[in-house]
Amino acid sequence: MSSDRRHAFGRRGEDLAAAYLERHGWRILERNHRTRAGEIDLIATRRGTLAFCEVKTLVRRRAPPGRGPSDPLECVGPAKRSRVRRLARAWLAQSDAEGGGRRHGAIRLDVIAVLLAPDGTLLRLDHLPSAF
Numbered sequence: 004m005s006s007d008r009r010h011a012f013g014r015r016g017e018d019l020a021a022a023y024l025e026r027h028g029w030r031i032l033e034r035n036h037r038t039r040a041g042e043i044d045l046i047a048t049r050r051g052t053l054a055f056c057e058v059k060t061l062v063r064r065r066a067p068p069g070r071g072p073s074d075p076l077e078c079v080g081p082a083k084r085s086r087v088r089r090l091a092r093a094w095l096a097q098s099d100a101e102g103g104g105r106r107h108g109a110i111r112l113d114v115i116a117v118l119l120a121p122d123g124t125l126l127r128l129d130h131l132p133s134a135f
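Each position in the sequence shown, counted from 1, maps to that position plus 3 in the working numbering.
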């Protein structure tokens with residue numbers, strides 16, 4: 004799959020995840036917050052809770068399963084979890100320095116797994132609050 008096509012599917016997954024969160028009462032604070040260490044896909048807040056969301060999107064294969072993950076959740080391994088924790092700490096430190104970080108009572112790290120059909124149709128979206 005070409006890089007452009009992968010980016011388009013990834014963007015579609017993030018759009019679907021953001022819409023899902025908003026339908027469930029979350030306010031998106033930031034999308035694709037970038038630092039030197041990487042990127043946080045979505046940062047959202049609802050009723051005093053701040054959620055750092057890692058969105059993983061996969062496209063269901065047409066052929067029988069081969070190599071690689073078949074479920075988006077398989078893509079969030081120890082290295083990715085460690086990176087998201089580090090990015091969340093950096094965001095919180097920056098927010099505290101700017102005077103806005105202390106207003107959240109609970110902080111959690113969520114995963115939103117998106118499975119798309121090859122044509123981009125949503126097949127499944129799983130939201131795992133406090134996934135790690």
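All C-beta atoms, glycine included, are put in the ideal place defined by N, C-alpha and C.
Where residue i falls, given that 16 or more other Cβ within 10 Å makes a residue buried
i      : result
Glu57  : buried
Gly28  : exposed
Ala116 : buried
Leu126 : exposed
Residue i to residue j span [Cα, whole Å]
i      : j     : result
Asp112 : Ser6  : Sequence inspection shows Leu at residue 112; the Asp mentioned does not correspond to that position. If I take the Cα positions, the gap works out to 27 Å.
Cys78  : Thr38 : 21 Å
Helix, strand or coil at residue i [DSSP, three-state]
i     : result
Asp7  : helix
Asp18 : helix
Arg26 : helix
Residue i versus the options, residue with shortest Cα-Cα distance
i      : options                  : result
Ala91  : Asp18, Glu42 and Glu17   : Glu42
Val62  : Arg14, Val114 and Leu131 : Arg14
Pro121 : Arg64, Ala11 and Ala20   : Arg64
Whole beta strand (DSSP E) elements within the segment 28-56, 3-residue minimum | 30-38 and 41-49
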